[in-house]
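Asks: This is the structure I want to talk about, given as structure tokens.
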Amino acid sequence: MHYKLPVSKYTSIKQLLYSYIIKSISIDTYRIEDRCIKDEKITLHKGRDDKRVFYTSSVSLRLSKSQNRKAMELASAIASDLSGICEGVFSIQIVPPGWINFELTHSTLATWLQSLVIGSSGRAGEQGSRGAEETIDAQSPITNSLFAVEYAHARCCSLVLLAHREGLIKLREPVPNTSPAFWDVIFPNPLPWLNCDGILQLNHPDERRLIGELIQVVDNIECPDVSGSVKWEKVALNLSQAFEKFWSNCRIWGEVKITSPELAQARLGLLMATQSVLKFVLEENLGVFAPLEL
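Quick note on numbering that gives the first Met the number 0: the sequence shown kicks off at 0 and runs consecutively.
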């Protein structure tokens, strides 16, 4: 089962979790007056475990003094409210002295990856948020690191188009002659992110590292509390390097295509998600062209 995520374009897992927490602690029984809540400055840290996607919140520790309640008691109450709000999206765990851990479920991660491929609205081929009157300076100087990012983007595009020509996936014709913001995948739709047991197929360390980088980049794009301080060239380079490592160690063609076609298709989906995010960062945050080929 796939869960619909309540966003319009790029889905920030962090922003989604923020909205759940704000909804929970805004319930009348809390009567929250704390400034960190009014300003929505709730501390959320993404965990560094590549085997799972989780965030840790200190909201109960922040509120315990103003509410005159023990942090663990507050954490338990907040977690109880949240379990009903985000059931099936996050699993929740309370950790002393009052931390709340939120782990993204496999089904939600699959939905999130699918939204990066086709756009959460389901309309592929959309362009970025730049208006028609805005242009990208194709003559601006390109650093070595930016070239590496452009190369990774073009590589993603060429591999997706190769898979289409070979019938591993089917894109809606005509295939675009410029790199799309999202892909219009006819088959398979949705992509087979999960196995028959509902577990994410992408469990190789380099697959999970790339997924973690994608989540971090989209969090940076969507969350206003950090967007002003992000070093986008470094962010883009980190993502492109994670892609290169994934591509070196996670095969799509050859034996994998023959014996595990659904795994090959899921890996292609990860390629398409990576291309979509790379294109956005290149054109929207760095103001350089995201090439279909080099």
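Positions of the beta carbon are idealized from the N, C-alpha and C atoms, including for glycine.
Residues bridged to L193 by DSSP?
Replies: Its beta-bridge partners are L199.
Asks: Taking C249 as the reference, give the member of A265, R61, E292 with the closest Cα.
Replies: Checking every option, the nearest Cα to that of C249 belongs to A265.
Asks: So for I77, helix, strand or coil by DSSP?
Replies: Correct three-state label for I77: helix.
Asks: Hey, could you find the ends of the beta strand (DSSP E) N100 is sitting in?
Replies: Residues 98-103.
Asks: Let me know if H163 comes out buried or exposed under the rule of 16 or more other beta-carbons within 10 Å of its beta-carbon.
Replies: Buried.
Asks: The beta strand (DSSP E) that contains S90, what's its start and end?
Replies: Per DSSP, S90 belongs to the beta strand (DSSP E) from 89-94.
Asks: Under the criterion of a Cβ to heavy atom distance below 8 Å, does N248 qualify as lining the ligand ATP?
Replies: As for the ligand ATP, it is missing from this structure, which has no ligand bound.
Asks: Got a sec? Which residues, its chain only, sit under 7 Å from V174 by beta carbon, not counting five neighbours each side?
Replies: Cβ within range, chain order: L160, H163.
Asks: Does the contact criterion of 3 or more C-beta pairs under 8 Å hold for the segment 55-69 versus the segment 86-101?
Replies: Contact between the segment 55-69 and the segment 86-101 is present, because at least three Cβ pairs lie under 8 Å.
Asks: Would the beta-carbon of L103 fall within 9 Å of that of V116?
Replies: It is not a contact, given that the beta carbons lie outside the stated cut-off.
Asks: Counting only the same chain and skipping the five closest in sequence on each side, list residues whose C-beta sits under 8 Å from that of S11.
Replies: Around S11: V217, D218, I220, E221, C222.
Asks: I need the boundaries of the alpha helix (DSSP H) containing T258, first residue and last residue.
Replies: Per DSSP, T258 belongs to the alpha helix (DSSP H) from 254-258.
Asks: Counting only the same chain and skipping the five closest in sequence on each side, list residues whose C-beta sits under 7 Å from that of G268.
Replies: Contacts found: L112, V116, L190, W192.
Asks: Where do the N-terminal and C-terminal ends of the beta strand (DSSP E) with L236 fall, by residue?
Replies: Per DSSP, L236 belongs to no beta strand (DSSP E); it is in the alpha helix (DSSP H), 231-248.
Asks: Please report the straight-line C-alpha distance between H152 and S82, rounded to a whole angstrom.
Replies: Rounded to the nearest angstrom, the two C-alpha atoms are 39 Å apart.
Asks: Inspect the beta-carbon positions of D196 and S247 and report whether they are closer than 9 Å.
Replies: Not a contact, by the Cβ cut-off of 9 Å.
Asks: State buried or exposed for G166, treating a residue as buried only when at least 16 other CB atoms are found within 10 Å of its CB.
Replies: Exposed, since its Cβ has fewer than 16 Cβ neighbours within 10 Å.
Asks: Can you name the start and end residues of the beta strand (DSSP E) that L43 belongs to?
Replies: Per DSSP, L43 belongs to the beta strand (DSSP E) from 43-45.
Asks: Determine contact between the segment 228-236 and the segment 280-287, defined as no fewer than three beta-carbon pairs at a distance below 8 Å.
Replies: The segment 228-236 is in contact with the segment 280-287.
Asks: Would you say A235 and W252 are within 9 Å of each other, going by their C-beta atoms?
Replies: Cβ distance not < 9 Å, so A235 and W252 don't count as in contact.
Asks: Relative to the C-alpha of R47, which candidate in L209, P179, E149 has its C-alpha closest?
Replies: It is L209 whose Cα lies nearest to the Cα of R47.
Asks: Can you tell me the Cβ-Cβ gap for S63 and A70, rounded? I've got them flagged as a contact below 8 Å.
Replies: Confirmed, Cβ separation roughly 4 Å.
Asks: Taking DSSP as the reference, what is the three-state secondary structure of I168?
Replies: Residue state, collapsed to three classes: coil.
Asks: Under DSSP, the beta strand (DSSP E) around I185 begins and ends at which residues?
Replies: First-last of the beta strand (DSSP E) with I185: 184-186.
Asks: Do L43 and L60 have their beta-carbon atoms positioned less than 9 Å apart in this structure?
Replies: Not in contact: L60 and L43 (Cβ atoms no closer than 9 Å).
Asks: Compute the distance between the beta-carbons of I257 and K45, then report whether it is under 9 Å.
Replies: Result no, Cβ atoms of I257 and K45 do not sit closer than 9 Å.
Asks: Rounded to whole angstroms, what's the CA-CA distance from K13 to K22? Just pull it up for me.
Replies: Answer to the nearest angstrom: the Cα atoms are 14 Å apart.
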